[in-house]
Amino acid sequence: MVHKKKVHEKRKEYVCGHCGKKFVRKPNLLLHQKTVHEGRKDFACDKCEKKFSQKGNLLSHHRTIMHATSAGRNSEVNQICRGTK
């Protein structure tokens, strides 16, 4: 049903009371309100001071070159970037 509303009927039933942005799914509206209007960043990196509003953004951050070495990932890329290969 959500697919039909979003793709075929282009219906967005959930409206943000702060800015008027519309969403197909209520969880997306709630996430928008929490992160955009409340400014919440509930996901913190344990290797640096950076914080993120969504877990996926934190996970992407952990895959960066800066943290990949400490996590044991992308060692070849890190060697190239550091000029040791």
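Note that UniProt numbering has the sequence shown beginning at 1, numbered continuously upward. Each residue gets a CB set at the ideal place from its N, CA and C atoms; glycine is no exception. A quick note: this is a predicted structure, and the numbers were derived from the prediction, not measured.
According to DSSP, residue i sits in a beta bridge with which residue or residues?
| i | result |
| --- | --- |
| residue 51 | 44 |
| residue 15 | 22 |
What separation, rounded to the nearest whole angstrom, lies between the Cα atoms of residue i and residue j?
| i | j | result |
| --- | --- | --- |
| residue 63 | residue 50 | 14 Å |
| residue 9 | residue 27 | 20 Å |
| residue 29 | residue 47 | 30 Å |
| residue 25 | residue 55 | 19 Å |
| residue 7 | residue 61 | 31 Å |
| residue 43 | residue 17 | 25 Å |
| residue 3 | residue 14 | 15 Å |
Near residue i, which residues of its chain fall below 7 Å by C-beta distance, leaving aside the five closest residues on each side in sequence?
| i | result |
| --- | --- |
| residue 162 | This structure does not reach residue 162, given that the chain is present from 1 up to 85, and the question cannot be answered. |
I'd like to check one pair, residue j with residue i: are the Cβ atoms closer than 8 Å?
| i | j | result |
| --- | --- | --- |
| residue 37 | residue 21 | no |
| residue 59 | residue 45 | no |
| residue 23 | residue 12 | yes |
So, for residue i: in the same chain, excluding its five sequence neighbours on each side, which residues have a beta-carbon less than 6 Å away from its beta-carbon?
| i | result |
| --- | --- |
| residue 67 | 47 |
| residue 39 | none |
In chain order, what residues of the same chain lie with their CB nearer than 8 Å to the CB of residue i, ignoring the 5 residues before and after it?
| i | result |
| --- | --- |
| residue 19 | 36 and 37 |
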